[in-house]
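Asks:
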Amino acid sequence: MAFAQRPTVTNILNAMQAAGRIELSRGKITVIDRDALRHTAAGSYGLPEAYWCAQIGPYRFGATPDDSSIAA
1 MAFAQRPTVT NILNAMQAAG RIELSRGKIT VIDRDALRHT AAGSYGLPEA
51 YWCAQIGPYR FGATPDDSSI AA
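The opening position of the sequence shown corresponds to residue 1 in UniProt numbering, with each subsequent residue numbered one higher.
(1) Jot down the residue ranges of each uninterrupted alpha helix (DSSP H) in the UniProt domain "HTH crp-type" (1-35), minimum 4 residues, whole runs only, in chain order.
(2) For Y45, which of helix, strand or coil comes out of DSSP?
(3) Output the distance between the C-alpha atoms of A36 and I12, rounded to the nearest integer angstrom.
(4) For L24, which residues of its own chain have a beta-carbon under 7 Å away from its beta-carbon, when the five flanking residues on both sides are left out?
(5) Measure from the alpha carbon of I32 to the alpha carbon of each residue in A15, L47, R21 and R38, then state which is nearest.
(6) Nearest to I29 by CA position, among A54, C53, V9 and Y51, is which residue?
Laid out in structure tokens, this is it:
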């Protein structure tokens, strides 16, 4: 959601919370239903993460570019 205006991001986050996909609290977003978020992403889930791993390396402890939990 890069370059999106704050009200747009807030509206989308509130909709995701209402749908039970995430939980919002001050300064924190908790994923409740990861599979539903992947479905909502419509095929774009994992692409930025895979690109990051290919260009820079693992973005979290233990992740690898071929990590099936990163690439959709």
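Glycine included, every Cβ here is placed at the ideal spot set by N, Cα and C.
Replies: The structure says:
(1) 6-18
(2) Residue numbering aside, residue 45 sits at position 45 when the sequence shown is read from its first letter. Y45 falls in the coil class under three-state DSSP.
(3) Position 36 of the sequence shown holds residue 36. Position 12 of the sequence shown holds residue 12. If you take the alpha carbons of A36 and I12, they lie about 14 Å apart.
(4) To locate residue 24, count along the sequence shown from 1; it is residue 24. Leaving aside the five residues that flank L24 on each side, the residues in its chain whose CB is nearer than 7 Å to its CB run, in chain order, L13 and Q17.
(5) Working through the sequence shown from its first residue, we reach residue 32 at position 32. Closest by alpha carbon: R21.
(6) On the sequence shown, residue 29 is found 29 positions in, with the first residue counted as 1. Considering only alpha carbons, the answer is V9.
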